[in-house]
Structures are given as C-alpha cells and as structure tokens.
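Residue numbers (our numbering): 135 to 498.
Where is the CB? At the ideal position from N, CA and C, for every residue including glycine.
Encoded as structure tokens, the structure appears first; notes follow it.
Given below as structure tokens:
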C-alpha cells in the first residue's frame, strides 16, 4: 500500500541523484541511483496503486491508448521538479511503469565526456551520424546536446522527430522544430519523408526502429541532409552490421555501398560506475568514416574495423578499449570494470599494467 504520490516518489529519485523511477507490482517504488537499483520506501505497491499513479499522470487520450495498445511512451512536466520520460505497459495483466528524469538544462558535449571529434561531426552538411549504446547509456542526452550545439552554432533548420519529446529546445541561431510521434505525426518514417519537403538542413530522429525509417534516413543523408539518430548497439562494427541486417539479404550489398558513402561517424557510449566518487562516467568508441573505413564497409570486412579505428587517432577515432584503459589508468573506474566492458581484454590489461610500471619507476 502506497503512502506517497507520484511527485513525491519522483522527488526522492532526484534528491538522491538518481535517474529513473520504477513502479512494479509487489515491489517498493525503486530508483536507479548512480546506476544501482535502490528501494525508495518500504511501500509495497499493488496493482491499484500503480494504476492510480500512472493514470493520474496521463491525459484521457493517453489512457485510452495504453488500454488499447498495452504500452505507451509519454512525457510529463512536473512543476518545480522537471521533465520526465515515461513508459507504461502491461506485465502479467497489470500496469507497471518507468520514469526517466530529463534535466531542464541540456549538458554541453564536453561536460558529457565527448571530445572535439563529436563537435566536428556536428559541423557536417550532410550524411548520417549514429549515436549508439545499450539502454541507459545516455544516447538521448548526447543526441540532444548535439542538436543544441548545431542550433547554437549554425543557421540551419532542424527537424527533430521524437517519441516522446524529452528535452525541449529553444530557437537560437538555427530553428528547432520538434515533432512527437503519436501526436504530431503517425510514424518516424512519415515524419522523415515530410522533413525532406520542409527545407530541413538537419534531421534528428530519436531512434531508427524499423526498416522503413532506416531506408528513409539513408535517402535523406544521401540527398544533402545531415541525419543524426540512435541505435541500440555496443560498438561501431556491430552498429554497421545492425543497419545491414535490417535489410533483406539480396539488398545488403547495395546498402553497404550506401553506408560507405553516407555514414560519417558512429559514437558508441557506455555509462560506467565511478570508483573515485559517486556517479558515472562515459566510456566511448568513436569511428569516423575515411577511405579505409569506407572500403571495409563497402566490402563488408567488419572484423577489420576495430584495427582501423585504433590507428585512426589522427582522424579523431578511438576504440572502446582505448577509452576504458584511459579511465582505469586515471582512477575513474576499476580495472575489473574496464575489463568487463573491453572488447580486447589483453589490450586493456597490458596498457594498464604498462602505465602502472611507468608510474612505479618514476617514484623510485
């Protein structure tokens, strides 16, 4: 039985530095605090509790959609607290929900942990940029920070297609027109096609969810638009393969050629628990398309991509192994956590041990 309302539960998450609130039947309201799940109270929620909490945050039309579709993405604005992205769904016939806090202030790219390569990608006039990572890796925040950077620095017309709208942008040097799937448009693909007729310079798509959206995004990137979107993949090679695998096998050679020409960069990120203080820090992999990368994509030699990324520092590239090694050497994360995330554990371990020996020799 609950003893608090939704706003109070959300406040508890924010006050503890958390990012998410989870409401599940038979469990207490639970927050994700610095990446770890923690119960917020001793309340054990029953189905009626959660239904009342969720329905109290929804409009009548949203309640009807949830009952019809059995799941719903939405966003709410809480006075004096902030904006939250919500997802409600049925679990064993009962409604459950999760809420993600969206800070009002959009972070700067450098504050998120991104280097100058990401800003350079934001200056491109056309092509496809993909921001990737697992769930809860900060993809949406990076996407929004890139959008803000472009709007502030360039006189461009940006069309942002989202489900739901999370960060709210203000017009700056450029225009930002935010459209929400389900209220402003029926689908990502339909909104993408419309953007091609709206004098858009930059098209931001919150996620490439289906084949039609991917096809339309590639077409837009090839026809003079800068397209930025996200995928749920862990590194650059798997990102390229994920795009190709969305297509029938008899089309994949053609799509590989399309990607080789239009893909400009892949930003893969992961938020890792810090060992030096509370909070999380970003580990990343950056792939920038150059002649060697394009050749590998065109001929589908994906196992060679990590090696090309590793030797591509002059073009602003680095591997996830470079990133976690750097974070471990400087004490931001533990070596054990670095090895868990590494693609090549021997590389990370050797790099870490070498640096520790260098430090030890300097102390003597």
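Exposure of residue i, with buried meaning 16 or more beta-carbon neighbours within 10 Å
i: residue 455; result: buried
i: residue 421; result: buried
i: residue 474; result: exposed
i: residue 479; result: exposed
i: residue 371; result: buried
i: residue 297; result: buried
i: residue 403; result: buried
i: residue 268; result: exposed
i: residue 437; result: exposed
i: residue 369; result: buried
i: residue 239; result: exposed
i: residue 220; result: buried
i: residue 250; result: exposed
Nonlocal neighbours in the same chain, by C-beta distance under 7 Å from residue i, ignoring five residues either side
i: residue 290; result: 284, 308, 335 and 336
i: residue 483; result: 473
i: residue 376; result: 365 and 367
i: residue 281; result: 292, 294, 303, 310 and 338
i: residue 394; result: 428, 431 and 432
i: residue 237; result: 216
Cβ-based neighbour list, residue i, same chain, cut-off 8 Å, excluding 5 preceding and 5 following
i: residue 246; result: 272, 275, 276, 279 and 416
i: residue 145; result: 215
C-alpha gap between residue i and residue j, whole angstroms
i: residue 348; j: residue 313; result: 18 Å
i: residue 305; j: residue 396; result: 28 Å
i: residue 147; j: residue 176; result: 15 Å
i: residue 444; j: residue 149; result: 41 Å
i: residue 343; j: residue 167; result: 28 Å
i: residue 211; j: residue 270; result: 20 Å
i: residue 390; j: residue 185; result: 47 Å
i: residue 230; j: residue 333; result: 41 Å
i: residue 300; j: residue 207; result: 11 Å
i: residue 424; j: residue 374; result: 15 Å
i: residue 173; j: residue 139; result: 15 Å
i: residue 319; j: residue 214; result: 30 Å
i: residue 183; j: residue 152; result: 22 Å
Sequence-distant residues of the same chain with beta carbon closer than 6 Å to residue i, five excluded per side
i: residue 442; result: 426 and 427
i: residue 341; result: 364
i: residue 361; result: 262, 337, 351, 354 and 355
i: residue 188; result: 222, 229 and 231
i: residue 302; result: none
i: residue 413; result: 168
**Item:** Minimum length 3: unbroken beta strand (DSSP E) runs contained in the region 407 to 494
**Value:** Counting whole runs of 3 or more residues, the region 407 to 494 contains the beta strand (DSSP E) stretches 414 to 422.
**Request:** May I ask you to verify whether the region 459 to 466 touches the region 419 to 433, counting CB pairs closer than 8 Å and requiring at least 3?
**Result:** Cβ pair count under 8 Å is below three, so no.
**Message:** Could you check whether the region 248 to 263 touches the region 342 to 358, counting it as contact only if at least three pairs of C-beta atoms, one from each stretch, sit closer than 8 Å?
**Reply:** Yes, since at least three Cβ pairs between the region 248 to 263 and the region 342 to 358 fall closer than 8 Å, the two stretches touch.
**Three-pair Cβ contact test at 8 Å for the region 314 to 334 versus the region 238 to 253** = No, the region 314 to 334 is not in contact with the region 238 to 253.
**Message:** With three or more beta-carbon pairs closer than 8 Å as the criterion, would you say the region 197 to 214 touches the region 164 to 182?
**Reply:** With a cut-off of 8 Å, the region 164 to 182 and the region 197 to 214 do not count as touching, because too few Cβ pairs lie within range.
**Request:** Kindly provide the ranges of any beta strand (DSSP E) runs that are 3 or more residues long and lie completely inside the region 137 to 180, ordered along the chain.
**Result:** Runs of the beta strand (DSSP E) inside the region 137 to 180: 152 to 157, 164 to 167 and 170 to 173.
**Prompt:** Along the chain, which unbroken stretches of the beta strand (DSSP E) at least 3 residues long are found entirely within the region 311 to 373?
**Reply:** Listed in chain order, the complete beta strand (DSSP E) runs (minimum 3 residues) inside the region 311 to 373 are 336 to 339 and 360 to 365.
**Asked** Enumerated in chain order, which unbroken segments of the beta strand (DSSP E) with a length of 3 residues or greater are wholly contained in the region 224 to 272?
**Response** DSSP runs (the beta strand (DSSP E)) wholly in the region 224 to 272: 228 to 236 and 261 to 266.
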